[in-house]
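Numbering (the numbering used here), first residue to last: 119 to 362.
Structure (structure tokens):
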């Protein structure tokens, strides 16, 4: 069977005016058995439709904040830099992937933009909008776990991990608040912030707030998430007639 081809959304450097990709994402996809391909940020509607049909799976990577005006709020103190190009691409692309039932994994910004694309919203700044003593923006590198989350029974994340408590890293100051259409909460932090979401009835649509691409080399739970994603993409690849 051919390796599934996975499209990754890149970050856009606002100061340098160039695209960039953290190799931890591409390495994690490759190690799990996929072939990573980096998308451009500017696609016409016709090109976007073609992209949605071309690839076997999609990874929405971490990155800058989503513009709060998109989900009907004024920008609060604490909200960071935004990327209009990236907002436009991902918010147009994700609903098409839902319609096509393509496997999607969203990480950090990825979980947030997926939720917003389906009508949900986020906390613009956890420290000023949510009462918690838990550290969600750790000082340590992403290869170090800093707190625990609790996967919920009967969800996609539970089916992957079969655990009700795992350790994760944490590099975010925003988080999912109201769930978008079709989403359910798959995991919570100990302070009840949503840490993972999925879409029941779809092949594989999973968003996680932490960074498994920073942990997978030495953490079996993080590796299992990528492996499950690539397996779903491989099945999609086979059903599309690309298997050998």
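Note that beta-carbon positions come from the ideal geometry of N, C-alpha and C, so glycine has one too.
Residue i - partner residues in DSSP beta bridges
i           : result
residue 375 : Within the shown structure, residues of the chain are numbered from 119 to 362, placing residue 375 beyond reach of any answer.
residue 75  : The question about residue 75 has no answer here: the residues shown for the chain are numbered 119 through 362.
residue 154 : 124
residue 244 : None; residue 244 has no bridge partner.
CA nearest to the CA of residue i, picked from the options
i           : options               : result
residue 347 : 175, 226, 214 and 231 : 175
residue 243 : 127, 202, 131 and 191 : 191
residue 339 : 320, 266 and 289      : 266
residue 268 : 277, 260 and 281      : 281
DSSP-derived helix/strand/coil call for residue i
i           : result
residue 136 : strand
residue 298 : coil
residue 316 : strand
residue 202 : helix
residue 147 : helix
residue 126 : strand
residue 339 : helix
residue 352 : helix
residue 173 : coil
Residues near residue i in its chain [Cβ-Cβ closer than 6 Å; skip 5 each side]
i           : result
residue 239 : 189, 295 and 296
residue 314 : 275, 304, 305 and 326
Neighbourhood of residue i by C-beta distance below 8 Å, restricted to the same chain and skipping five residues each side
i           : result
residue 194 : 186, 242, 243, 246 and 247
C-alpha distance - residue i paired with residue j, whole-angstrom precision
i           : j           : result
residue 323 : residue 182 : 21 Å
residue 124 : residue 177 : 7 Å
residue 165 : residue 138 : 21 Å
residue 351 : residue 231 : 21 Å
residue 153 : residue 200 : 29 Å
residue 157 : residue 128 : 7 Å
Chain-order list of residues whose beta-carbon lies under 7 Å from that of residue i (same chain, five-residue window excluded)
i           : result
residue 302 : 273, 315, 316 and 318
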